[in-house]
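Colleague: Numbering (this note's numbering) for the sequence shown: 1 to 278. Cβ atoms here follow ideal geometry from the backbone N, Cα and C, with glycine treated the same way. Remember, it's a predicted structure, so these values are computed and weren't measured experimentally. Encoded as structure tokens, here's the structure I'll be asking about.
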Amino acid sequence: MLELAASLLTPVAGAITYPITDDHPAIDIACRNGAEVRAAHDGVGRSSWDRRMGWTFKLAGGSGLKSSYSHLKTTAKQGNYKRGDVIGLCGNTGTWSTGTHLHFAMEPVSKLRQFHAFAPPIPDQAPPSPSRPSLLAAIEDLGIKVDRLERCGAANQLAVYHRGAQRLCIAKALDSNPKLLEKVVTHEAVHITQDCLTGLHTPTSASLANHLKQHGGFSDATISKFFQKNINNTRQVDVATASLSPEESQMELEAYALQNQGPLVAALLNSRCSKPQG
1 MLELAASLLT
11 PVAGAITYPI
21 TDDHPAIDIA
31 CRNGAEVRAA
41 HDGVGRSSWD
51 RRMGWTFKLA
61 GGSGLKSSYS
71 HLKTTAKQGN
81 YKRGDVIGLC
91 GNTGTWSTGT
101 HLHFAMEPVS
111 KLRQFHAFAP
121 PIPDQAPPSP
131 SRPSLLAAIE
141 DLGIKVDRLE
151 RCGAANQLAV
161 YHRGAQRLCI
171 AKALDSNPKL
181 LEKVVTHEAV
191 HITQDCLTGL
201 HTPTSASLAN
211 HLKQHGGFSD
221 ATISKFFQKN
231 INNTRQVDVA
241 TASLSPEESQ
251 MELEAYALQN
261 QGPLVAALLN
271 SRCSKPQG
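In structure tokens, the structure reads:
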């Protein structure tokens with residue numbers, strides 16, 4: 001679930017409404033209390049305490065590159081660090097912290113839009129796209145039977161995932177529209193991921209929201225805001241969830257919110273679902 005948790009990053013840079021200061025020259029990142037915080041670049045680091053910012057770890061690298069990490073629960077000792085090394089644990093220290101989060105800043109902090117000029121991007125460790133299996137192939141690798149039929153469900157739906165039976169029906173009409181097919185398969189892959197949260201071969205499923213609350217420490221408000229901002233057609237979601245229970249409605253909302261985020265959903269499917277043995 002780290003892939004989805006990473007999508008809940010909350011960037012705040014510029015004018016703010018909370019009555020602490022008039023400006024916020026950094027990025028706030030929501031995180032679980034005690035979660036590891038890692039160095040963004042190589043450098044010499046040291047920690048300090050500030051009444052307002054709490055425990056802060058500052059890292060100074062080459063060519064004037066500097067970064068700071070505030071409101072930490074604990075910090076690492078002074079020394080040399082490589083990018084990716086743990087330099088502290090996420091916390092809620094300091095009077096200017098209104099909840100567990102990481103206050104991350106880089107210099108010059110007044111020009112966050114120019115981050116790329118100071119820190120090189122992390123290399124993509126994923127293989128090139130042509131070698132990646134399709135999401136549909138990944139679904140079939142889980143042992144889920146994929147049926148290509150003229151119609152799926154009583155309402156002529158484009159696709160239906162039958163949990164418990166581990167069967168996915170996809171309408172043949174989608175063959176003429178590859179982009180729509182990709183979106184529909186991604187939508188159903190979210191439901192399969194939800195099924196995996198309670199065990200793929202059980203008749204039950206669970207929402208991603210509940211899993212994030214229980215295991216990620218995120219609040220209802222943060223999770224709801226994330227899913228809602230990714231909904232493109234609220235009317236369509238309202239119609240689709242009108243007769244569903246609250247939990248089923250949440251699961252359907254999640255599928256609509258993530259149906260255009262294929263790489264994220266593929267990562268969730270891979271991390272939450274286990275391939276059959278033998």
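When burial is assigned at 16 or more other CB atoms within 10 Å of the CB, is residue 58 buried or exposed?
Modeller: Its Cβ being crowded by 16 or more others within 10 Å, residue 58 is buried.
Colleague: Pull up the CB-CB distance for residue 41 and residue 64, whole angstroms please, since I reckon it's below 8 Å.
Modeller: At roughly 12 Å, the Cβ-Cβ gap does not stay under 8 Å, so residue 41 and residue 64 are not in contact.
Colleague: For residue 242, count neighbouring C-beta atoms within 10 Å of its own C-beta (all shown protein chains included) and say buried if the count is 16 or more, exposed if not.
Modeller: So residue 242 counts as exposed.
Colleague: Please state whether DSSP places residue 196 in a helix, a strand or coil.
Modeller: Helix, per DSSP.
Colleague: Could you check where the beta strand (DSSP E) with residue 171 kicks off and where it finishes?
Modeller: Unbroken beta strand (DSSP E) run through residue 171: 167–171.
Colleague: Check for me: the alpha helix (DSSP H) holding residue 227 runs from which residue to which?
Modeller: Run containing residue 227: 220–229, per the alpha helix (DSSP H) assignment.
Colleague: Assign residue 269 to one of two classes, buried (16 or more other C-beta atoms within 10 Å of its C-beta) or exposed (fewer than that).
Modeller: The residue is buried, with at least 16 neighbouring Cβ atoms inside 10 Å.
Colleague: Can you tell me the Cα-Cα spacing of residue 101 and residue 222, whole angstroms?
Modeller: Cα to Cα, the separation comes out at about 12 Å.
Colleague: Would you kindly work out how many angstroms separate the C-alpha atoms of residue 256 and residue 231, rounded to a whole number?
Modeller: Residue 256 and residue 231: Cα-Cα distance of roughly 6 Å.
Colleague: Compare the beta carbon distance of residue 159 and residue 188 with 7 Å and say whether it is the shorter of the two.
Modeller: Yes, these two residues count as a Cβ contact at 7 Å.
Colleague: On the CB-based measure, 16 or more other CB atoms within 10 Å of its CB, does residue 163 come out buried or exposed?
Modeller: It is buried - the Cβ of residue 163 has at least 16 other Cβ atoms within 10 Å.
Colleague: In the structure shown, what three-state DSSP assignment does residue 42 receive?
Modeller: Residue state, collapsed to three classes: coil.
Colleague: Where does residue 97 fall in DSSP's three states?
Modeller: Looking at residue 97 - three-state DSSP - the assignment turns out to be coil, as it is neither helix nor strand.
Colleague: Rank 166, 204, 31 by C-alpha distance to the C-alpha of residue 98 and give the top, closest one.
Modeller: Selected option, being the one with the closest Cα: 31.
Colleague: According to the neighbour-count rule (16 or more other Cβ atoms, all chains shown, within 10 Å of its Cβ), is residue 78 buried or exposed?
Modeller: The residue in question, residue 78, is exposed, as its Cβ has fewer than 16 Cβ neighbours within 10 Å.
Colleague: Are the CB atoms of residue 103 and residue 26 nearer to each other than 7 Å?
Modeller: Cβ atoms of residue 103 and residue 26: closer than 7 Å.
Colleague: What does DSSP give as the partner residue(s) for residue 180 in the beta ladder?
Modeller: Paired residues: none, contrary to the question.
Colleague: Quick one: is residue 272 buried, meaning 16 or more other Cβ sit within 10 Å of its Cβ, or exposed?
Modeller: Answer is buried; the Cβ neighbour count reaches 16.
Colleague: Let me know if residue 44 comes out buried or exposed under the rule of 16 or more other beta-carbons within 10 Å of its beta-carbon.
Modeller: With fewer than 16 Cβ atoms within 10 Å of its Cβ, residue 44 is classed as exposed.
Colleague: Count the other CB atoms within 10 Å of the CB of residue 67; is the residue buried (16 or more) or exposed (fewer)?
Modeller: Flag for residue 67 reads buried.
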